[in-house]
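**Q** Here it is, the structure, as structure tokens.
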Ligand SMILES: [Fe+2]
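Structure (structure tokens):
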């Protein structure tokens with residue numbers, strides 16, 4: 489049966505795409521999205537393991553253009569490059585296709601031309617964080633000493649892409665640390681018991697299993713410090729892939745994250761897969777002095793994933809989370825776009841209906857000087873009766889009103905992971921990569 493996990497095989501360039509509604513005139517730039525897209529004949533037992541493919545949609549002057557490319561051209565494929573399939577961001581004038589077991593793969597923003605790893609080496613993360621005050625990119629890596637090692641690497645690139653800080657420390661065990669919390673002064677990493685299980689089949693599990701007896705831990709390190717200064721706090725034995733935001737207030741560090749009691753897509757060490765309930769938004773906090781356990785606050789019952797915020801305020805106080813959520817508890821994947829207003833505990837949601845497939849919603853401010861959360865949400869959506877996906881644009885403050893515009897794309901955009909909107913950068917379809 490056709491579903492939106494199936495890959496697409498054509499690399500397409502298309503201009504003058506059909507548009508429903510009216511694109512906001514101020515929305516000028518390119519949305520890049522990344523996700524696993526196995527090549528024909530490429531065995532991929534686990535969703536996380538297909539070769540990355542970028543789908544790029546440029547908006548400007550009321551027009552829309554599209555290009556999709558595998559991140560790594562067929563002729564350049566090597567195991568050392570990894571899959572580059574999880575996120576794509578812009579930093580220091582280049583695009584970085586990101587995946588947590590390898591260095592970033594660099595791409596041309598206007599062509600998607602492949603430029604390899606550049607000067608970067610070692611494992612990285614799919615979720616580095618831009619510091620909006622300095623333009624620095626704070627990164628980390630687990631298993632930084634090699635597969636299944638306990639070493640965690642933290643560091644930062646300056647706004648020009650140069651390494652400005654790097655240090656390492658040892659975790660209690662090798663955990664799949666997918667995301668981190670970054671404030672102006674600290675980085676915090678949840679070391680949760682989705683942990684290395686070397687005996688398991690790598691292809692089916694990535695060599696990780698759910699082992700709650702190992703407990704949960706939160707590492708807090710001052711940015712710029714030596715790894716030996718890390719402080720450990722006891723955390724609940726749960727799992728979270730994604731952190732919406734983090735900030736500091738009254739000498740406490742707060743982080744909002746989407747928590748699973750049991751993580752999906754991974755077995756126990758014995759190979760048994762446990763049915764997982766969807767993730768719910770929670771707030772963790774710790775005192776920046778001392779080693780008290782993590783305090784937990786439940787934020788809302790509306791489950792979901794792929795949280796995004798107004799990134800201009802990353803690392804600071806905020807009150808709106810945008811994420812993908814489900815039409816009903818029996819659904820798989822995500823069918824709805826949700827805004828959670830933390831100041832009121834209220835949900836603003838638009839549901840594309842059963843069998844729809846909705847991506848992470850990316851927030852784009854209405855302009856450089858727009859107030860916090862004044863802007864647009866961009867998501868790719870597909871329904872089985874549609875030949876291709878649509879890029880939908882919502883007014884971020886009025887999600888339930890539905891999209892203000894949609895671009896009809898020339899093919900399906902398969903379920904992917906993450907993406908970025910880069911203002912004032914456009915695809916140049918005259919240049920092939
Ligand atoms: Fe992620």
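In the numbering used here, the protein residues as written are 489 to 921. Cβ coordinates follow ideal geometry from the N, Cα and C atoms, glycine included. These numbers were taken from a predicted model, which means no experiment stands behind them.
Using a Cβ cut-off of 8 Å (strictly closer), state whether residue 765 contacts chain B.
**A** Protein chains in the displayed structure number just one, and chain B is not present.
**Q** How many whole angstroms separate the CB atoms of residue 777 and residue 822, which I take to be in contact at a CB cut-off of 8 Å?
**A** Not a contact, Cβ separation roughly 39 Å.
**Q** In this structure, does DSSP put residue 510 in helix, strand or coil?
**A** Three-state result, residue 510: coil.
**Q** Under 8 Å, with one C-beta from each stretch per pair, do the stretch 629 to 640 and the stretch 594 to 605 reach the 3-pair mark?
**A** Cβ pair count under 8 Å is below three, so no.
**Q** Is the stretch 721 to 735 touching the stretch 645 to 659, taking contact as three or more C-beta pairs under 8 Å?
**A** Not touching, per the Cβ criterion.
**Q** Apply the 10 Å Cβ neighbour rule to residue 903 and answer buried if 16 or more other Cβ atoms are within range, or exposed otherwise.
**A** That one is buried.
**Q** Exposed or buried, what is residue 557 when buried is set at 16 or more other beta-carbons lying within 10 Å of its beta-carbon?
**A** The residue is buried, with at least 16 neighbouring Cβ atoms inside 10 Å.
**Q** Just to confirm, are residue 555 and residue 619 a CB contact at a threshold of 8 Å?
**A** For residue 555 and residue 619, no; Cβs fall outside 8 Å.
**Q** Given residue 740, which residues of its chain have a CB within under 8 Å of its CB, disregarding the five upstream and five downstream residues?
**A** Excluding sequence neighbours, residue 740 sits near 773, 774, 775, 776.
**Q** Can you tell me which of the three DSSP states residue 801 falls into?
**A** Reduced to three states, the DSSP call for residue 801 is helix.
**Q** Leaving out the 5 sequence neighbours to the left and right, which residues in its chain are closer than 6 Å to residue 830 when beta-carbon positions are compared?
**A** The answer, listed in chain order, is 807.
**Q** Cβ of residue 667 versus every heavy atom of ligand 1: is any distance shorter than 7 Å?
**A** Checking every heavy atom of ligand 1 against the Cβ of residue 667, one is found closer than 7 Å.
**Q** Pick out the complete beta strand (DSSP E) segments inside the stretch 575 to 636, 3 residues or longer, and give them in chain order.
**A** Counting only runs of 3 or more, we get 575 to 579, 582 to 586, 593 to 595, 625 to 629.
**Q** Among 697, 811, 799, whose alpha-carbon lies nearest the alpha-carbon of residue 858?
**A** Of 697, 811, 799, the residue nearest in Cα terms is 799.
**Q** Using the Cβ count rule (16 or more neighbours within 10 Å means buried), how would you classify residue 588?
**A** Result: buried.
**Q** According to the Cβ coordinates, are residue 544 and residue 600 closer than 8 Å?
**A** Yes, the pair counts as a contact, with Cβ atoms nearer than the cut-off.
**Q** In the stretch 732 to 772, which residue ranges form an unbroken alpha helix (DSSP H) of at least 4 residues, counting only runs that do not cross its ends?
**A** Within the stretch 732 to 772, no complete alpha helix (DSSP H) run reaches 4 residues.
**Q** Whose C-beta lies closer than 6 Å to the C-beta of residue 736 among residues of the same chain, with five residues either side of it excluded?
**A** Closer than 6 Å at Cβ, skipping near neighbours: 671.
**Q** Sorted by chain position, which residues of the same chain lie with C-beta nearer than 6 Å to residue 862's C-beta, five sequence neighbours on each side aside?
**A** Excluding sequence neighbours, residue 862 sits near 854.
**Q** Go through its chain and collect everything with a Cβ distance to residue 880's Cβ below 7 Å, but skip five positions before and after it.
**A** 867, 869, 891, 894.
**Q** Residue 669 to residue 847, Cα distance in whole Å?
**A** Near 22 Å, if we compare the C-alpha coordinates of residue 847 and residue 669.
**Q** For residue 763, does the count of other Cβ atoms within 10 angstroms reach 16, so buried, or fall short, so exposed?
**A** Exposed, since its Cβ has fewer than 16 Cβ neighbours within 10 Å.
**Q** Excluding the five sequence neighbours on either side, which residues of its own chain have a C-beta within less than 7 Å of the C-beta of residue 686, listed in chain order?
**A** Contacts found: 636, 695.
**Q** Quick check on the burial criterion: 16 or more other C-beta atoms within 10 angstroms. Buried or exposed for residue 650?
**A** Classification of residue 650: exposed, given that the 10 Å Cβ count is below 16.
**Q** Give a yes or no on whether the C-beta atoms belonging to residue 820 and residue 908 are separated by under 8 Å.
**A** No, the Cβ-Cβ distance between residue 820 and residue 908 is not below 8 Å.
**Q** Could you tell me which residues DSSP puts in a beta bridge with residue 688?
**A** Its beta-bridge partners do not exist; DSSP assigns none.
**Q** Find the nearest neighbour of residue 779 within the set 795, 810, 623, 709, judged by alpha-carbon distance.
**A** Among 795, 810, 623, 709, the Cα nearest to that of residue 779 belongs to 709.
**Q** By alpha-carbon positions, which one of 580, 590, 616 ends up nearest to residue 610?
**A** Comparing Cα positions, the closest option is 590.
**Q** Looking at residue 615 and ligand 1, is the gap between the Cβ and the nearest heavy atom below 7 Å?
**A** Yes, the Cβ of residue 615 comes within 7 Å of a heavy atom of ligand 1.
**Q** Give the straight-line distance between the Cα atoms of residue 873 and residue 810, rounded to the nearest whole angstrom.
**A** Looking at the two C-alpha atoms, the distance is approximately 26 Å.
**Q** Using a threshold of 7 Å, is the CB atom of residue 905 nearer than that to any non-hydrogen atom of ligand 1?
**A** Within the cutoff, so yes.
**Q** Our contact map puts residue 615 next to residue 575 with C-beta atoms below 8 Å; I'd like the distance itself, whole angstroms only.
**A** Right, the Cβ-Cβ distance comes to about 7 Å (below 8 Å), so this counts as a contact.
**Q** Apply the 10 Å Cβ neighbour rule to residue 711 and answer buried if 16 or more other Cβ atoms are within range, or exposed otherwise.
**A** With 16 or more Cβ atoms within 10 Å of its Cβ, residue 711 is classed as buried.
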